[in-house]
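Numbering of the sequence shown is given in the working numbering, commencing with residue 44 and proceeding in unit increments.
Notes follow once the structure below has been shown.
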Amino acid sequence: MGLLRGVILMSRRRFFAPPGAFNSDNAILQGDEARHLREVLRLKAGDTVNVFDGTGKEFRCTVGGMRRDEVSLENCVEVEAFKPESQLALTLGVALLKGEKFDLVVQKATELGATAITPVTTRHADIHLRDASDAVKRVTRWRRIALEAAKQSGRAVVPEIEMPVTFDSFIQSGPGLRLMFSEREGTELGTNVGATAVRVLVGSEGGWSDQEITSAREAGWKIVTLGGRIMRAETAAIAVCVLLQNALGDLR
Numbered sequence: 044m045g046l047l048r049g050v051i052l053m054s055r056r057r058f059f060a061p062p063g064a065f066n067s068d069n070a071i072l073q074g075d076e077a078r079h080l081r082e083v084l085r086l087k088a089g090d091t092v093n094v095f096d097g098t099g100k101e102f103r104c105t106v107g108g109m110r111r112d113e114v115s116l117e118n119c120v121e122v123e124a125f126k127p128e129s130q131l132a133l134t135l136g137v138a139l140l141k142g143e144k145f146d147l148v149v150q151k152a153t154e155l156g157a158t159a160i161t162p163v164t165t166r167h168a169d170i171h172l173r174d175a176s177d178a179v180k181r182v183t184r185w186r187r188i189a190l191e192a193a194k195q196s197g198r199a200v201v202p203e204i205e206m207p208v209t210f211d212s213f214i215q216s217g218p219g220l221r222l223m224f225s226e227r228e229g230t231e232l233g234t235n236v237g238a239t240a241v242r243v244l245v246g247s248e249g250g251w252s253d254q255e256i257t258s259a260r261e262a263g264w265k266i267v268t269l270g271g272r273i274m275r276a277e278t279a280a281i282a283v284c285v286l287l288q289n290a291l292g293d294l295r
């Protein structure tokens, strides 16, 4: 019980500050992070907190001076990350989903160790972005969700939430094994995959068009099935993360 209580306490006293917020052995918490420390947890000067910078570094710091939207941290010492990162570099491309479905994908994929998450515009996507400002608004929200999920799950790295890209752009970019998951056709993933970097594509409720499957094959993508059951898009995306981390990452 003592160990469990210590883990819970540490996760509650864990904050995010970007690399630019650190100066020598000092750092600054701003905005929501500062308000959470001061108003929600009601921590005081002299209390100890953990801070991660989103790139893999974790620090133990002492709370210093406080203002309404800013908290200074002192005596910051780099410590071992609470949870090591998976050895698998996993980029998850997901067709745009409606409602809170994409929110769920971002949250769970972050908890499951995804390196990057890319919204992809596809022929049968559940939603279509109105304009650039719509894309920025959604991505800002998803980045906030990823940050909170990284904080909760003990990760010191926040996955990159990329701006939405077209299907054709996504299938032509990035190194590593390329897997397109489809409920219509494909081979089983298997256990002897053997890769340290994987890019995956998960479609919308409407699935992939014939042209999208053909284009992916021509670009070197392997078409893979998740088995005999048809899953919702958000379920499929989460299942893909679990399967790949089990086969190649740190869920063994």
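Here a beta-carbon is modelled for each residue, glycine too, at the ideal position from N, C-alpha and C.
A quick note: this is a predicted structure, and the numbers were derived from the prediction, not measured.
Closest residue to residue i among the options (Cα-Cα distance)
| i | options | result |
| --- | --- | --- |
| ARG186 | THR209, LYS100, VAL148 and ILE256 | VAL148 |
| LEU116 | PHE95, PHE125, LYS126 and GLN130 | PHE95 |
| ASP68 | ALA88, ARG57 and VAL120 | VAL120 |
| THR91 | GLN73, VAL114 and ARG110 | VAL114 |
| ALA241 | GLY217, HIS171 and LEU155 | Before going on, a small fix: residue 241 reads as Val here, not Ala. VAL241 has its Cα closest to that of GLY217, out of GLY217, HIS171 and LEU155. |
| THR161 | LYS194, ALA60 and LEU135 | LEU135 |
| ASN93 | ARG295, VAL106 and LEU155 | VAL106 |
| GLN215 | ARG260, GLU226 and ALA238 | ARG260 |
| GLN73 | VAL83, PHE59 and ARG184 | PHE59 |
| VAL182 | ASP146, GLU154 and ALA157 | ASP146 |
| GLU255 | GLY229, ALA238, THR230 and ASP211 | ASP211 |
Beta-bridge partners of residue i, as assigned by DSSP
| i | result |
| --- | --- |
| GLN150 | GLN150 pairs with nothing; no bridge assigned. |
| ALA159 | THR134 and GLU203 |
| GLN73 | GLU113 |
| GLU121 | PHE102 |
| GLY97 | VAL200 |
| THR230 | VAL267 |
| ARG383 | Because the chain here runs from 44 to 295, residue 383 falls outside it and cannot be looked at. |
| VAL92 | CYS104 |
| VAL208 | VAL163 |
Residue range of the unbroken beta strand (DSSP E) whose run includes residue i
| i | result |
| --- | --- |
| ILE281 | Looking at the DSSP string, ILE281 is not in any beta strand (DSSP E); the run it does join, the alpha helix (DSSP H), is 276-291. |
| ALA168 | Segment: none, ALA168 is in no beta strand (DSSP E) and carries neither H nor E. |
| LEU294 | Counting along the chain, LEU294 falls outside any beta strand (DSSP E), and DSSP gives it neither H nor E. |
Three-state class that DSSP yields for residue i in the structure shown
| i | result |
| --- | --- |
| LEU86 | coil |
| PRO61 | coil |
| ILE214 | helix |
| LYS141 | coil |
| ARG184 | helix |
| VAL173 | As written in the sequence, residue 173 is Arg, which differs from the Val given in the question. Coil. |
| ARG56 | coil |
| ARG221 | strand |
Bounding residues of the alpha helix (DSSP H) (the contiguous stretch that carries residue i)
| i | result |
| --- | --- |
| SER258 | 253-261 |
Is there contact here, the stretch 198-218 with the stretch 165-181, by at least three beta-carbon pairs under 8 Å? yes
Counting Cβ pairs closer than 8 Å, one from the stretch 92-101 and one from the stretch 134-154, do we hit at least three? no
Count Cβ pairs between the stretch 197-204 and the stretch 275-291 that sit closer than 8 Å; are there 3 or more? no
Closer than 8 Å is the cut-off here; do at least three beta carbon pairs connect the stretch 244-259 with the stretch 157-166? yes
Would you be able to state if there are at least three C-beta pairs under 8 Å between the stretch 221-228 and the stretch 255-264? yes
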